[in-house]
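Okay, structure first, notes after.
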Amino acid sequence: MYITSVPYSPYRLITAATYFYIPKRVVFEVGGALKLANELKLLGIDSGSSVLMVLDPAIKSLDHTVKTIKGLEEGGYHVDIYTDIEYEPSVDCARRAAEYIRKGDFKAVIGIGGGSTLDVAKVAAAAKDNPTKDVEEFIGMDKIPKRVTPVITLPTTAGTASEISRYTVFTKGAGKVGINGYNVIPDIAVVDPVFTYTLPPRITAGTGLDALSHAVEGMISLDATPMSDMFGLLSIELVFKYLRRAYYKGNDVEARYFMSLAATAAGVPLNVGRTVLGHSISQTFGPQYKVHHGTGCGMTLPYVMEFYLPAIPEKLAVIARAAGIDTTGLCVWGAAEEVIKATWNLVRDLGVPLSLKEIGISKAELEVLAERTIKEWPRPNSPIELTKERVLKVYEAMYEGKLLRVKTD
Ligand SMILES: [Fe+2]
């Protein structure tokens, strides 16, 4: 009902080419991981071949993981398991995986884990196909010359969308860098929600809010297209309907299924529109104050929606309808304000702090954070130009834990 071919608000597509990115095949299936051998066959990889499984060490002994490996072995594949994955992996971590894969004769890479693990898997496959390059040379957009080794991704959280994305994130020194572009897009994503059944509430909240941020920020972006917005609206509808349920009752199978769907769907606006100020802010203060990526994005999201309201009220009004808000009788601006409040309430209900004070950031640091935000994470796709003064105002509101104009409960 929300989908229309009429653009809602500024798009760059009027004056520039647009691009749409998604793997060749995306499987959604409860228990889909147990049929991975079929996916390898589809890729033309013969039984008897060796495959490298880049596996999150935290889930190595999970019953579902053990069964997944067994399924591959029963299909005749030799599975080499690689678990040297750091939380928020460094470039060195990617380099070690590159060195490992280059020593073997692997016909495919299978990544099973959260975003960190999938990112290492994606870069390892690229490293295999470019043996003379150091992974450091891949940093940036489309710096990987080629990739032919197939990559299959299985997310074990519902949030990062790394399973379908053209992005990876690595730490380098005190900051973050990305190895991004066409050659890190996986060939097949197998989204099996069973892996998420045991996620603790705190991670469910953080990763779910990361998914919501990808959908909303990807839609706010000037690089959004009507086609990427379709996926964004689907994701937003599902997050507002199911994230509280998944958080409060981890074994709610329906909620887990649709949160997995929401997270993967949000990978499309992420791939096409890319993120805007919300991720810029959270990627600035998050690593410094040890705030989980998605949690930081969730804290920031209502403030950033309010920041963009004057530029894109129509788009926020459409997002309001997707979020389940009855917009009957509301003007565009009124509907937009309602979804900002609804986002605030969702973040609060998930036990995520809504002020920078609460996480120990002092007022004196805000100016430096604002400066770093625009320097380290510029966003040419932002519908409002990001200046230090504007970004500082958002930080000040976040510090106090109060939106500037929109009244919350
Ligand atoms: Fe994110």
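Using the numbering used here, read the sequence shown as starting at -12 and increasing by one per residue. From the three backbone atoms N, C-alpha and C, an ideal C-beta is built for every residue, glycine too. Everything numeric in this text was worked out from a predicted model, so none of it was measured.
{"Item": "Quick check: the stretch 254 to 263 against the stretch 327 to 343, are at least 3 beta-carbon pairs closer than 8 Å?", "Value": "no"}
{"Item": "May I have a chain-ordered list of the alpha helix (DSSP H) segments no shorter than 4 residues that lie completely inside the stretch 262 to 287?", "Value": "264 to 275"}
{"Item": "Between which two residues does the beta strand (DSSP E) containing N167 stretch?", "Value": "G162 to N167"}
{"Item": "Mind checking which residues open and close the alpha helix (DSSP H) that includes R243?", "Value": "V240 to A252"}
{"Item": "Compute the Euclidean distance between the alpha carbons of V326 and E345, then round it to the nearest angstrom.", "Value": "24 Å"}
{"Item": "Which first and last residues belong to the beta strand (DSSP E) in which R398 is found?", "Value": "Nothing about residue 398 can be reported from this structure: the residues present for the chain run from -12 to 396 only."}
{"Item": "In its own chain, which residues sit with a C-beta less than 6 Å from the C-beta of Y229, not counting the 5 before and 5 after it?", "Value": "A242, F245 and M246"}
{"Item": "Who are the Cβ neighbours of G162 in its own chain at under 8 Å, not counting the five residues just before and after it?", "Value": "P274 and E363"}
{"Item": "The beta strand (DSSP E) with T52 in it runs from where to where?", "Value": "Counting along the chain, T52 falls outside any beta strand (DSSP E), though it belongs to the alpha helix (DSSP H) covering D50 to E61."}
{"Item": "Return the CA-CA distance between T140 and V240, expressed in angstroms with no decimal places.", "Value": "21 Å"}
{"Item": "Taking I348 and Y276 to be in contact with their CB atoms under 8 Å, please state how far apart those CB atoms are, rounded to whole angstroms.", "Value": "6 Å"}
{"Item": "With a floor of 3 residues, list each beta strand (DSSP E) that falls wholly inside the stretch 107 to 194, ordered by position along the chain.", "Value": "138 to 142, 156 to 159, 162 to 167 and 175 to 178"}
{"Item": "Express the C-alpha separation of D336 and K394 in angstroms, rounding to a whole number.", "Value": "17 Å"}
{"Item": "Taking the C-alpha atoms as reference points, what is the distance between S77 and D71?", "Value": "11 Å"}
{"Item": "Please say whether P137 and V96 have beta carbons closer to each other than 9 Å?", "Value": "yes"}
{"Item": "Check whether the stretch 308 to 319 touches the stretch 150 to 165, taking contact to mean three or more Cβ pairs, one atom from each stretch, closer than 8 Å.", "Value": "no"}
{"Item": "With H280 and D197 assumed to form a contact (beta carbons below 8 Å), what rounded beta-carbon distance in angstroms separates them?", "Value": "6 Å"}
{"Item": "Take E301 as the anchor and find which of E324, K350 and P132 has the nearest alpha-carbon.", "Value": "E324"}
{"Item": "Taking the alpha helix (DSSP H) that L23 belongs to, which residues open and close that run?", "Value": "L23 to L29"}
{"Item": "If I follow the unbroken alpha helix (DSSP H) through K328, where does it start and stop?", "Value": "V319 to D336"}
{"Item": "In the DSSP assignment, find the alpha helix (DSSP H) that holds D79 and state where it starts and stops.", "Value": "V78 to K90"}
{"Item": "Can you find the residues in the same chain that come closer than 6 Å, C-beta to C-beta, to V14, ignoring five residues on each side of it along the sequence?", "Value": "V177"}
{"Item": "Measure the alpha-carbon distance for A202 versus F227 and round it to whole angstroms.", "Value": "12 Å"}
{"Item": "Have a look at K90 and M286 and give me their C-alpha separation to the nearest angstrom.", "Value": "43 Å"}
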